[in-house]
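J.: Mapping of the sequence shown onto UniProt numbering: position 92 corresponds to residue 92, and the numbering continues sequentially without gaps.
Using N, Cα and C, we set each Cβ at its ideal position, and we do this for glycine too.
What you are looking at is a predicted structure, and each value in this text was computed from that prediction instead of being measured.
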Amino acid sequence: MRKAFLTVASLLATITSTSGRPYARAPIDEATLTKVRANAIASAQRSWEVGTLTEALLEYSWPQLSVFNDAGSIPPARQLFTSNYPVDVVKIATDIVEKKPNDSLALVQDGSVGDPASIGFAVILANWTRNDTSDNRFSVAAGSQLNYVLSHSPHTDDGAISHRTEQVQLWSDFVYMVPPFIAYFGAYDQPDAKKWLLQAAYDQCRLYRKYLQDSTTNLWKHIELGSWQDEKLWATGNGWAAAGMFRVLQTIRNSDVSDSFLDQQQDLLNWIEEIVKTAWNYQTSAGALRNVIDESDSFMDTASTALIASVTFRLAVLKGDSSAYISSANAAYDFVHRNIDNDGWLRNTVDPLTFYTPSSSDQPSPEAQSFVLLLEAARRDFQDWVDSEATLPSGGMVINKLYL
Ligand SMILES: *[C@@H]1O[C@H](CO)[C@@H](O)[C@H](O)[C@H]1NC(C)=O
Ligand SMILES: *[C@@H]1O[C@H](CO)[C@@H](O)[C@H](O)[C@H]1NC(C)=O
Ligand SMILES: *[C@@H]1O[C@H](CO)[C@@H](O)[C@H](O)[C@H]1NC(C)=O
């Protein structure tokens, strides 16, 4: 059986490569993904892990509600059918709102400005789709979180909001945690503030890039300003930045004011692509990114490899170019696949608390579990797009979807 399978798989690889249609060698099987997903839910505890998990669950299990669904709109319908109702995401949002201290503006108090905001979009979704319209807890909690980020947190003179509460310090992580939340809040039911909030989300991306981009490589440094810095080109940080900017871009594109933000969309696209393109220049022959992207003695890190590969699949769809960096993304996907163990844990991740050492063997990375779901969702959506393009009468015509 096993031999037959391998033969079919390698035959497929040959067929698909000669027809020019890009595929990873083999998709991760459903049973493994089910375990990965369960482990992601079981392990997420810290605020940013929970926020990242909610986004991963939405993209993986409820793609019709994700900002990457270009056939959908933001906001979605108020009343969702039970089969479309993101129960797990709403449950997480409900738990967070119920546990939130009444005197806290932030959803969670953990010393970070940015991390708790990562859960905010799930709270907005829970508010919007709730059946009990007299229940305003979610709306109040999301509004307080926004208020905290915009008006009660330290920032630079030119308006970059700090990732930390105790001092002004900018971390690339922030770009995944905060701008997508600000944009999402704006794209909902905010007729007066919508454009202002979408612009604010874009501006945070612009300012963070201004402070964190390394002028030699174009990749992003991890931490600037404040009492200490981390100027290494941390691969996960580059993934946070690229993936966060992509969520902002998609939120703008799928809002009803996208026509007013064409320049901003082009900028975000360019800034995402500059990270993706540069990162893969450093890809190892195993398909991996190193934990510090440009250091040849840094260890190969499955976590950032998964996150940046997910962005890459989505970038190809957005650009309408089924070959853009896809051989890199496929090699990365295969590398990640090989590193998922029989229990559904991604191995050989960076320790997300030290940034620069591998996770110990008994301590998996919760965020990396979510990155696998983000990667799978992006690969699946890419594959669906390639398949739908192939059935077009003109056969593989390239459509640049950015301005359509
Ligand atoms: C909300 O109400 C609708 C219509 O009664 C129902 O179909 C749906 O299952 C309800 N959603 C939840 C989460 O209870
Ligand atoms: C917040 O206040 C409400 C009553 O206004 C109370 O029911 C709830 O338990 C309080 N929550 C916390 C976490 O203290
Ligand atoms: C919560 O939902 C209501 C509609 O039920 C909407 O008017 C309100 O703006 C929403 N709040 C947020 C923060 O999106």
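Quick one: what's got a C-beta closer than 8 angstroms to Thr357's C-beta in the same chain, skipping five residues either side?
T.: For the purposes of this step, residue 357 is taken as the residue at position 357 of the sequence shown. Within the same chain, Thr357 has close Cβ partners Val350 and Asp351.
J.: Kindly indicate which residue of Leu353, Ile161, Ala93 and Tyr211 has the alpha-carbon position closest to the one of Ala141.
T.: Reading the sequence shown from its first residue, position 141 is the one you call residue 141. When each option's Cα is compared against that of Ala141, the closest is Ala93.
J.: Out of Leu80, Asp321, Glu389 and Asn342, point me to the one whose CA is closest to residue 418's CA.
T.: Examination of residue 418 is not possible in this model, given that the chain is present from 1 through 404 alone.
J.: Over the uninterrupted alpha helix (DSSP H) stretch that includes Phe246, give me the two end residues.
T.: Here residue 246 refers to the residue found at position 246 of the sequence shown. First-last of the alpha helix (DSSP H) with Phe246: Ala235 to Arg253.
J.: Roughly how many whole angstroms lie between the Cα atoms of Ala286 and Ser139?
T.: For this step, residue 286 is matched to residue 286 along the sequence shown. For this step, residue 139 is matched to residue 139 along the sequence shown. If I take the Cα positions, the gap works out to 46 angstroms.
J.: Kindly examine ligand 3 and report whether one of its heavy atoms sits closer than 7 angstroms to the Cβ of Phe185.
T.: To locate residue 185, count along the sequence shown from 1; it is residue 185. Yes - ligand 3 has a heavy atom lying nearer than 7 angstroms to the Cβ of Phe185.
J.: Look at the alpha carbon of Val248 and the alpha carbon of Ala183, and state the distance between them as a whole number of angstroms.
T.: As a working mapping, residue 248 is identified with position 248 in the sequence shown. As a working mapping, residue 183 is identified with position 183 in the sequence shown. Rounded to whole angstroms, Val248 to Ala183 spans 6 angstroms at the Cα level.
J.: Can you tell me whether Asp346 is helix, strand or coil according to DSSP?
T.: Here the question's residue 346 lines up with position 346 in the sequence shown. This sequence places Leu at residue 346; Asp is not what is there. Correct three-state label for Leu346: strand.
J.: Counting only the same chain and skipping the five closest in sequence on each side, list residues whose C-beta sits under 6 angstroms from that of Asp173.
T.: Residue 173 sits at position 173 when you count from the first residue of the sequence shown. Excluding sequence neighbours, Asp173 sits near Trp240.
J.: Can you give me the C-alpha to C-alpha distance between Arg21 and Tyr325, rounded to a whole angstrom?
T.: Indexing the sequence shown from 1 puts residue 21 at position 21. Indexing the sequence shown from 1 puts residue 325 at position 325. Confidence is the limiting factor: at Arg21 the pLDDT is only 44, short of 50, which leaves the residue's position unreliable, though a coordinate-based value still follows. The alpha-carbon atoms of Arg21 and Tyr325 are separated by roughly 13 angstroms.
J.: Is Tyr188 close to ligand 3? I mean its beta-carbon at under 7 angstroms from any heavy atom of the ligand.
T.: As a working mapping, residue 188 is identified with position 188 in the sequence shown. Yes, ligand 3 has a heavy atom inside 7 angstroms of this Cβ.
J.: Please state the DSSP three-state secondary structure of Ser388.
T.: To locate residue 388, count along the sequence shown from 1; it is residue 388. Of the three classes helix, strand and coil, the one that applies to Ser388 here is helix, per DSSP.
J.: Quick check on Pro358: does DSSP put it in helix, strand or coil?
T.: By 1-based counting over the sequence shown, the position of residue 358 is 358. Pro358 falls in the strand class under three-state DSSP.
J.: At the level of alpha carbons, what is the spacing between Glu389 and Thr312?
T.: Along the sequence shown, read from residue 1 onward, the residue named residue 389 stands at position 389. Along the sequence shown, read from residue 1 onward, the residue named residue 312 stands at position 312. Approximately 18 angstroms between the Cα atoms of the pair.
J.: If we ignore side chains and look at the alpha-carbon of each, how far apart do Ser296 and Tyr282 end up?
T.: Sequence index remark: in the sequence shown, residue 296 carries index 296 (1-based). Sequence index remark: in the sequence shown, residue 282 carries index 282 (1-based). Rounded to whole angstroms, Ser296 to Tyr282 spans 9 angstroms at the Cα level.
J.: Can you tell me which of the three DSSP states Arg21 falls into?
T.: Here residue 21 corresponds to residue number 21 of the sequence shown, with the count starting at 1. Because the pLDDT at Arg21 is just 44, under 50, the model does not fix this residue reliably, and the value given afterwards should be weighed accordingly. Correct three-state label for Arg21: coil.
J.: Is it the case that the Cβ atoms of Glu59 and Ala377 are separated by a distance below 8 angstroms?
T.: Reading the sequence shown from its first residue, position 59 is the one you call residue 59. Reading the sequence shown from its first residue, position 377 is the one you call residue 377. Going by C-beta atoms, Glu59 is nearer than 8 angstroms to Ala377.
J.: Verify whether the separation of the beta carbon atoms of Thr217 and Leu233 is less than 8 angstroms.
T.: Numbered from its first residue, the sequence shown carries residue 217 at position 217. Numbered from its first residue, the sequence shown carries residue 233 at position 233. Cβ atoms of Thr217 and Leu233: closer than 8 angstroms.
J.: Specify the secondary structure class of Met397 as computed by DSSP and reduced to three states.
T.: Within the sequence shown, residue 397 is the residue found at index 397, counting from 1. For Met397, the pLDDT reaches just 39, beneath the cut-off of 50, and the residue's location in the model is therefore unreliable, although a value from the coordinates is still provided. Three-state result, Met397: coil.
J.: For Ile223, write down the residues that DSSP places opposite it in a beta bridge.
T.: Stepping through the sequence shown from its first residue, residue 223 is reached at position 223. Answer is Trp171 and Asp230, bridged to Ile223.
J.: Per the DSSP calculation, Gln213 is bridged to which residue(s)?
T.: Along the sequence shown, one-based indexing puts residue 213 at 213. DSSP output for Gln213 lists Trp220 as bridge partner(s).
J.: For Ala201, which residues of its own chain have a beta-carbon under 6 angstroms away from its beta-carbon, when the five flanking residues on both sides are left out?
T.: The residue labelled residue 201 in the question sits at position 201 within the sequence shown. Excluding sequence neighbours, Ala201 sits near Pro179, Ile182, Ala183 and Val248.
J.: Spatial neighbours of residue 406 within its chain, please: C-beta separation below 7 angstroms, excluding the five flanking residues on both sides.
T.: As displayed, the chain neither begins before 1 nor continues past 404, which places residue 406 out of reach and without an answer.
J.: For His163 versus Ser112, is the C-beta distance shorter than 8 angstroms?
T.: Taking the first residue of the sequence shown as position 1, residue 163 is located at position 163. Taking the first residue of the sequence shown as position 1, residue 112 is located at position 112. Taking 8 angstroms as the Cβ cut-off, His163 and Ser112 qualify as a contacting pair.
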